[in-house]
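K.L.:
Have a look at this one.
In this note's numbering, the protein residues as written are 643 to 706.
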């Protein structure tokens with residue numbers, strides 16, 4: 643999960659989940675060892691929501 647967060651825009655992730663930017667940055671850099679179960683769920687739900695937006699957009703583009 644750490645690698646995934648490293649590759650994501652932490653500001654967008656923070657804004658979308660409510661998890662502080664500095665906490666996400668510290669976790670990605672290894673300064674923070676773990677995230678809470680609630681934070682993991684928030685990130686999971688955010689990523690699913692983002693992927694659904696891409697799928698909906700792709701379906702709409704296919705219809706045109």
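Using N, Cα and C, we set each Cβ at its ideal position, and we do this for glycine too.
Is there contact here, the segment 690-699 with the segment 664-672, by at least three beta-carbon pairs under 8 Å?
P.N.:
They do not touch, by the three-pair rule.
K.L.:
Could you tell me whether the Cβ atoms of residue 644 and residue 670 are closer together than 9 Å?
P.N.:
For residue 644 and residue 670, yes; Cβs fall inside 9 Å.
K.L.:
By a C-beta neighbour count over all protein chains shown, 10 Å radius and 16 as the cutoff for buried, is residue 685 buried or exposed?
P.N.:
With 16 or more Cβ atoms within 10 Å of its Cβ, residue 685 is classed as buried.
K.L.:
Using a Cβ-Cβ cut-off of 6 Å (strictly less than) and excluding sequence neighbours within five positions of residue 681, which residues of its own chain qualify?
P.N.:
Excluding positions up to five away in sequence, the list reads 661.
K.L.:
Determine whether the Cβ of residue 677 lies closer than 9 Å to any Cβ atom of chain B.
P.N.:
No chain B appears in this structure, which consists of one protein chain only.
K.L.:
Go ahead and pull the three-state DSSP assignment for residue 681.
P.N.:
In this structure, residue 681 counts as helix in the three-state DSSP scheme.
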